[in-house]
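Numbering (the numbering used here), first residue to last: 1005 to 1288.
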């Protein structure tokens, strides 16, 4: 690195990562790093480009670049990530929250503003969906299930971090359940990627994110949706709503499944990239 100005640091990051990442991704990661370590936004960068970093600040960047060269995601390097404008701790036991899932939260918030509801998040992971909904709709009661004890530890820490109360429970939705509790809204972003897709997935996802939360067998891609639909049939209140995130290729299959299970007003909703991403429905 020729000197310790921000301009030189940005050039260093690009040079080191150019063989592994697209230019747009490098730019995005660079801005995230500068904001994370030095609170320098994109706008401020123009004014701060000649700012000099200390030796310890340079070392922070160098260590992150080393991890990025191993394809470790930034979220896991930092141990935290932003979702819906809120901070969330993440680790190898939790998926990194995605922008598409923010759209799921936004839909639920928009459609359920006027009532005090009991909301259930199935497969909560880091707790991002449950916590974001509670933050936006504080009068609601929020319950969240996950099979992973390790994920629930992080989810509970995130509830404390964001100063909200969520009732977390270690529950496997695929097992027979004797739960009499009734919910007005059920939401889930379950595992839905067929194992065959591993061949086309990026190594930074494949090598670091928890496979338990990502993959299902190729011949049983609807496994979790079937279990969630049956649970919702019993545990949703009359006129209660079910929302699930889906693989872009599963829209019609999930819609048909929910219709056959007996739900009304089944809709497929596209994400910001115009891909099938959410299926919603109402219990009769």
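Glycine residues also receive a C-beta, built at the ideal position from the N, C-alpha and C atoms.
Check: If you compare alpha carbons, which of 1147, 1096, 1110 is closest to residue 1126?; Outcome: 1147
Check: Closer than 7 angstroms by C-beta to residue 1212: which residues in its own chain qualify, once you throw out the five before and the five after it? Chain order, please.; Outcome: 1076, 1077, 1080, 1096
Check: Counting pairs of Cβ atoms below 8 angstroms between the segment 1229 to 1246 and the segment 1197 to 1208, do you hit three or more?; Outcome: no
Check: Drop a sphere of 10 angstroms on the beta-carbon of residue 1089, count the other beta-carbons inside from all chains shown, and report buried for 16 or more, exposed for fewer.; Outcome: exposed
Check: With H, G and I counted as helix, E and B as strand and the rest as coil, what does DSSP make of residue 1139?; Outcome: helix
Check: So the beta strand (DSSP E) residue 1122 belongs to, where does it begin and stop?; Outcome: 1122 to 1126
Check: Residue 1091 bridges to which residues according to DSSP?; Outcome: 1086
Check: Near residue 1120, what residues of its chain come up, given a Cβ to Cβ distance below 6 angstroms and the 5 sequence neighbours on each side ignored?; Outcome: 1143
Check: Which of helix, strand or coil does DSSP assign to residue 1270?; Outcome: strand
Check: With residue 1171 as the anchor, note down where its beta strand (DSSP E) starts and where it stops.; Outcome: 1171 to 1174
Check: Please go through the same chain and pick out, in chain order, the residues whose beta-carbon is closer than 6 angstroms to the beta-carbon of residue 1055, but skip the five residues on each side of it.; Outcome: 1010
Check: By alpha-carbon positions, which one of 1064, 1173, 1166 ends up nearest to residue 1151?; Outcome: 1173
Check: Provide the residue(s) that pair with residue 1285 in DSSP beta bridges, ordered along the chain.; Outcome: 1246
Check: Spell out the partners DSSP gives residue 1150 in its beta bridges.; Outcome: 1174
Check: Over the uninterrupted alpha helix (DSSP H) stretch that includes residue 1071, give me the two end residues.; Outcome: 1059 to 1073
Check: Just verifying my parser: in three-state terms, what is the DSSP assignment at residue 1189?; Outcome: strand
Check: By DSSP's criteria, residue 1198 is part of a beta bridge. Which residues make up the other side?; Outcome: 1220
Check: Can residue 1159 and residue 1130 be called in contact, C-beta distance under 7 angstroms?; Outcome: yes
Check: Does the separation of the CB atoms of residue 1270 and residue 1189 fall below 7 angstroms?; Outcome: no
Check: Quick one: residues in its chain with C-beta nearer than 6 angstroms to the C-beta of residue 1099, no 5 flanking neighbours on either side, listed in chain order?; Outcome: 1129, 1213, 1217
Check: What are the residues that DSSP puts in a beta bridge with residue 1145?; Outcome: 1122
Check: Counting C-beta neighbours from all protein chains within 10 Å, is the total for residue 1279 16 or more, i.e. buried, or is it exposed?; Outcome: exposed
Check: Around the Cβ of residue 1241, are there at least 16 other Cβ atoms within 10 angstroms (buried) or fewer (exposed)?; Outcome: exposed
Check: Rank 1237, 1258, 1255, 1250 by C-alpha distance to the C-alpha of residue 1266 and give the top, closest one.; Outcome: 1237
Check: So, for residue 1068: in the same chain, excluding its five sequence neighbours on each side, which residues have a beta-carbon less than 7 angstroms away from its beta-carbon?; Outcome: 1037, 1081
Check: Determine, using beta carbons only, whether residue 1194 and residue 1149 come nearer to each other than 7 angstroms.; Outcome: no
Check: According to the neighbour-count rule (16 or more other Cβ atoms, all chains shown, within 10 Å of its Cβ), is residue 1276 buried or exposed?; Outcome: exposed
Check: Does residue 1093 pass the burial test, meaning 16 or more other C-beta atoms within 10 Å, or should it be called exposed?; Outcome: buried
Check: Quick one: Cα of residue 1137 to Cα of residue 1045, how far?; Outcome: 27 angstroms
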